[in-house]
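Peer 1: Sharing a structure here in structure tokens format.
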Amino acid sequence: MKTNIIRVSILLLIAVTSSYLFNGCEASIGTPSGTGSLGNLLPAGETQLRYVAIGNSLTAGYMNGAMYKSGQQMSWTAQMAKQMNVPFVGPYFSDPGVVPDARLFFKGIDAATGLPIISRVSGPILVPAENVSHPSPYNNLGVPGALSFDMLDTSTFAVRFQRGNPLFSLIMRDQAQFGKSIVEQAIRQNPNLITLWIGNNDVLLYAASGGTDSINFPGIPGQGPTPIPVFQNAYNGTVNTLLTSLPKTKIVVANIPDVLATPLATTVPRAAVALTRQGQVDSLRAGYLQVNAAIKAAGRTDTFSFNLGANRIIVADPSVPLIRRRYIRDNEYVLLTAQDSLRVGQG
-10 MKTNIIRVSI LLLIAVTSSY LFNGCEASIG TPSGTGSLGN LLPAGETQLR
40 YVAIGNSLTA GYMNGAMYKS GQQMSWTAQM AKQMNVPFVG PYFSDPGVVP
90 DARLFFKGID AATGLPIISR VSGPILVPAE NVSHPSPYNN LGVPGALSFD
140 MLDTSTFAVR FQRGNPLFSL IMRDQAQFGK SIVEQAIRQN PNLITLWIGN
190 NDVLLYAASG GTDSINFPGI PGQGPTPIPV FQNAYNGTVN TLLTSLPKTK
240 IVVANIPDVL ATPLATTVPR AAVALTRQGQ VDSLRAGYLQ VNAAIKAAGR
290 TDTFSFNLGA NRIIVADPSV PLIRRRYIRD NEYVLLTAQD SLRVGQG
């Protein structure tokens, strides 16, 4: 089943906007195989568990739009390492942390509106980690924004920066000393346990843009999620390289969440235009009078109507003859990032 994601803004309580469509398929998960247990993590003859985490922002502990020490220490990887009582060093950053875009701070609740008060520290703030001189690669090799391709990529930090991610140089630090790729830096630590959670951004970054951004893979034109063959090659290459270099190491992999089941796509309803006064209804009916007349004159029936209560969002669609707008469809989603615009009734 095809699905779409739309990034929407509103004007006069109705969304007459540019619509950005994300085409994909519903994810399905079959019955897991295996026992669900790792058994004894330590190979025969070893007494110390050595843990390395590979991934993206989920692994890194990226929170509120930034990487900062207290957030990183609450990452699931750091928490798991603590429970296993094993050393786990990450690239810890002092407040406000590394801020590629803007870090968010919760300041309380507005008494008048009941809405949260959010402030931002604008980026970019890119500073070395507190422990930049750590003598080996970090145990936590999660890089926010990383794609599946990035695990084996040996490009220089300059090339990666041109692709829009300055965080590799802060987390990998020294390619000559520690390894050119994330996987190489993991292997050099000779871990006997690795967690690998990668691939989320291969679809999430495209979806979060409303289907407008390219996947930013070198040498791959066009836009969209990472093509399946490219993802398969990148993911299989990562796993096979780890297995070949570390044949006794336990590797735990995690599945990619269904983007369409996350708050990104489920928070804002399709019927998000709430009309609470008859005056609003009358104004919109009057505003769309000529539009509806033109639709009827063309022999069509897809007119627009407005009533008290919840009304469907109207989106711009250049493919619609004459009026270039229509109601949002059941297989389209409004992104969470539209909620502020919807709330104040502005585009």
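In this note's numbering, the protein residues as written are -10 to 336.
Using N, Cα and C, we set each Cβ at its ideal position, and we do this for glycine too.
Only a predicted model underlies this, so the values are computations on that prediction, with no experimental measurement involved.
Can you tell me which residues form a DSSP beta bridge with residue 184?
Peer 2: Translated into the one-based positions of the sequence shown, residue 184 becomes position 195. BP columns for residue 184 point to 42 and 241.
Peer 1: Exposed or buried, which one is residue 94 when buried takes at least 16 other CB atoms within 10 Å?
Peer 2: The count along the sequence shown starts at 1 and reaches residue 94 at position 105. Counting Cβ neighbours within 10 Å, residue 94 comes out exposed, since fewer than 16 surround it.
Peer 1: Here's the rule: buried if 16 or more other CB atoms are within 10 angstroms of the residue's CB, otherwise exposed. What is residue 218?
Peer 2: As a first step, residue 218 is located in the sequence shown; it is residue number 229 there, counting from the start. Counting Cβ neighbours within 10 Å, residue 218 comes out exposed, since fewer than 16 surround it.
Peer 1: Short of 6 Å in beta carbon distance, which residues of its chain neighbour residue 226, apart from the five on each side in sequence? Order them along the chain.
Peer 2: Here the question's residue 226 lines up with position 237 in the sequence shown. The answer, listed in chain order, is 141.
Peer 1: Pick out the complete beta strand (DSSP E) segments inside the stretch 104 to 184, 3 residues or longer, and give them in chain order.
Peer 2: 105 to 111 and 129 to 131
Peer 1: Measure from the alpha carbon of residue 185 to the alpha carbon of each residue in 223, 201, 153 and 103, then state which is nearest.
Peer 2: Counting from 1 along the sequence shown, the entry for residue 185 is found at position 196. When each option's Cα is compared against that of residue 185, the closest is 223.
Peer 1: Answer with buried or exposed for residue 35, where buried requires no fewer than 16 other C-beta atoms within 10 angstroms of its C-beta.
Peer 2: For the purposes of this step, residue 35 is taken as the residue at position 46 of the sequence shown. So residue 35 counts as exposed.
Peer 1: With contact counted as at least three CB pairs below 8 Å, one residue from each stretch, are the stretch 267 to 277 and the stretch 65 to 78 in contact?
Peer 2: no
Peer 1: Please report the Cβ distance between residue 67 and residue 82, rounded to the nearest whole angstrom; I am assuming they are in contact, meaning their Cβ atoms lie under 8 Å.
Peer 2: Residue 67 sits at position 78 when you count from the first residue of the sequence shown. Residue 82 sits at position 93 when you count from the first residue of the sequence shown. Not a contact, Cβ separation roughly 14 Å.
Peer 1: If you count every other CB in all the chains shown that lies within 10 Å of the CB of residue 244, and 16 or more means buried, which is it?
Peer 2: Sequence index remark: in the sequence shown, residue 244 carries index 255 (1-based). Its Cβ having fewer than 16 others within 10 Å, residue 244 is exposed.
Peer 1: Between residue 315 and residue 197, what straight-line distance do the alpha-carbon atoms span, to the nearest angstrom?
Peer 2: Reading the sequence shown from its first residue, position 326 is the one you call residue 315. Reading the sequence shown from its first residue, position 208 is the one you call residue 197. Residue 315 and residue 197: Cα-Cα distance of roughly 22 Å.
Peer 1: Run the CB neighbour count on residue 103, radius 10 Å, all protein chains shown included, and call it buried at 16 or more, exposed below.
Peer 2: Within the sequence shown, the letter at position 114 stands for residue 103. It is exposed - the Cβ of residue 103 has fewer than 16 other Cβ atoms within 10 Å.
Peer 1: Within the stretch 220 to 302, note down every full alpha helix (DSSP H) run reaching 4 residues or more, in order along the chain.
Peer 2: 252 to 255, 267 to 276 and 278 to 286
Peer 1: Would you kindly report the start and end of the unbroken alpha helix (DSSP H) that includes residue 60?
Peer 2: As a first step, residue 60 must be located in the sequence shown, where it is residue number 71. 58 to 61 is the span of the alpha helix (DSSP H), which, as asked, contains residue 60.
Peer 1: Just mark residue 116 as buried or exposed, buried being the case when its beta carbon has 16 or more other beta carbons within 10 Å.
Peer 2: In the sequence shown, residue 116 corresponds to position 127, counting from 1. Under this definition residue 116 is an exposed residue.
Peer 1: Residue 97 bridges to which residues according to DSSP?
Peer 2: Start at 1 with the first residue of the sequence shown, and residue 97 comes out as number 108. Answer by DSSP bridge pairing, in chain order: 106.
Peer 1: Look at the alpha carbon of residue 174 and the alpha carbon of residue 301, and state the distance between them as a whole number of angstroms.
Peer 2: The residue given as residue 174 occupies position 185 in the sequence shown. The residue given as residue 301 occupies position 312 in the sequence shown. C-alpha separation (whole angstroms): 51 Å.
Peer 1: If you drop the 5 nearest sequence neighbours on each side, which residues of the same chain put their C-beta closer than 6 Å to that of residue 92?
Peer 2: Reading the sequence shown from its first residue, position 103 is the one you call residue 92. For residue 92, where only same-chain residues beyond five positions count, the Cβ hits under 6 Å are 53, 54, 55, 85 and 110.
Peer 1: Is it true that the CB of residue 129 sits closer than 8 Å to the CB of residue 48?
Peer 2: The count along the sequence shown starts at 1 and reaches residue 48 at position 59. The count along the sequence shown starts at 1 and reaches residue 129 at position 140. The answer is yes: Cβ separation under 8 Å.
Peer 1: Would you decide whether residue 170 is buried or exposed? Buried here means 16 or more other CB atoms lie within 10 Å of its CB.
Peer 2: The residue you call residue 170 lines up with position 181 of the sequence shown. Residue 170 comes out buried.
Peer 1: Quick one: Cα of residue 262 to Cα of residue 202, how far?
Peer 2: Along the sequence shown, one-based indexing puts residue 262 at 273. Along the sequence shown, one-based indexing puts residue 202 at 213. The alpha-carbon of residue 262 is positioned some 27 Å away from that of residue 202.
Peer 1: Can you say whether residue 163 is buried or exposed, counting buried as having 16 or more other CB atoms within 10 angstroms of its CB?
Peer 2: The residue given as residue 163 occupies position 174 in the sequence shown. When all chains shown are included, residue 163 counts as exposed.
Peer 1: What are the boundary residues of the alpha helix (DSSP H) that residue 87 is part of?
Peer 2: Within the sequence shown, residue 87 is the residue found at index 98, counting from 1. First-last for residue 87: undefined, no H or E at that position.
Peer 1: On the criterion of 16 or more Cβ atoms from any shown chain inside 10 Å, does residue 148 qualify as buried, or is it exposed?
Peer 2: One-based indexing of the sequence shown puts residue 148 at position 159. Classification of residue 148: exposed, given that the 10 Å Cβ count is below 16.
Peer 1: Output yes or no for whether 8 Å exceeds the beta carbon distance between residue 257 and residue 323.
Peer 2: Position 268 of the sequence shown, counted from the first residue, corresponds to residue 257. Position 334 of the sequence shown, counted from the first residue, corresponds to residue 323. The Cβ-Cβ distance between residue 257 and residue 323 falls below 8 Å.
Peer 1: Taking only three categories from DSSP, how would you classify residue 30?
Peer 2: Working through the sequence shown from its first residue, we reach residue 30 at position 41. In the structure shown, residue 30 sits in coil (DSSP, three-state: anything other than H, G, I, E or B).
Peer 1: By a C-beta neighbour count over all protein chains shown, 10 Å radius and 16 as the cutoff for buried, is residue 139 buried or exposed?
Peer 2: Position 150 of the sequence shown, counting from 1, holds the residue named residue 139. It is buried - the Cβ of residue 139 has at least 16 other Cβ atoms within 10 Å.
Peer 1: Just to confirm, is the Cβ distance from residue 135 to residue 98 under 8 Å?
Peer 2: As a position in the sequence shown, residue 135 is number 146, starting the count at 1. As a position in the sequence shown, residue 98 is number 109, starting the count at 1. Going by C-beta atoms, residue 135 is not nearer than 8 Å to residue 98.
Peer 1: Could you tell me which residues DSSP pairs with residue 91 in its beta bridges?
Peer 2: As a working note, residue 91 is residue 102 in the sequence shown. DSSP output for residue 91 lists 111 as bridge partner(s).
Peer 1: With DSSP collapsed to three states, give me the class of residue 192.
Peer 2: Reading the sequence shown from its first residue, position 203 is the one you call residue 192. Note: residue 192 maps to helix in three-state DSSP.
Peer 1: Can you give me the start and stop residues for the alpha helix (DSSP H) that residue 68 sits inside?
Peer 2: Against the sequence shown, residue 68 aligns to sequence position 79. 65 to 73 is the extent of the alpha helix (DSSP H) around residue 68.
Peer 1: Look at the alpha carbon of residue 11 and the alpha carbon of residue 325, and state the distance between them as a whole number of angstroms.
Peer 2: Your numbering for residue 11 matches position 22 in the sequence shown. Your numbering for residue 325 matches position 336 in the sequence shown. Here residue 11 scores only 37 on pLDDT, less than 50, and its place in the model should not be relied on; the value that follows carries that caveat. Roughly 14 Å between the two C-alpha positions.
Peer 1: Closer than 7 Å by C-beta to residue 105: which residues in its own chain qualify, once you throw out the five before and the five after it? Chain order, please.
Peer 2: Here residue 105 refers to the residue found at position 116 when the sequence shown is read from its first residue. Sequence-distant Cβ neighbours of residue 105 in its own chain, meaning closer than 7 Å and more than five residues away, are 95 and 98.
Peer 1: In this structure, what does DSSP give as the bridge partners for residue 314?
Peer 2: Translated into the one-based positions of the sequence shown, residue 314 becomes position 325. Note: residue 314 sits in a beta bridge opposite 305.
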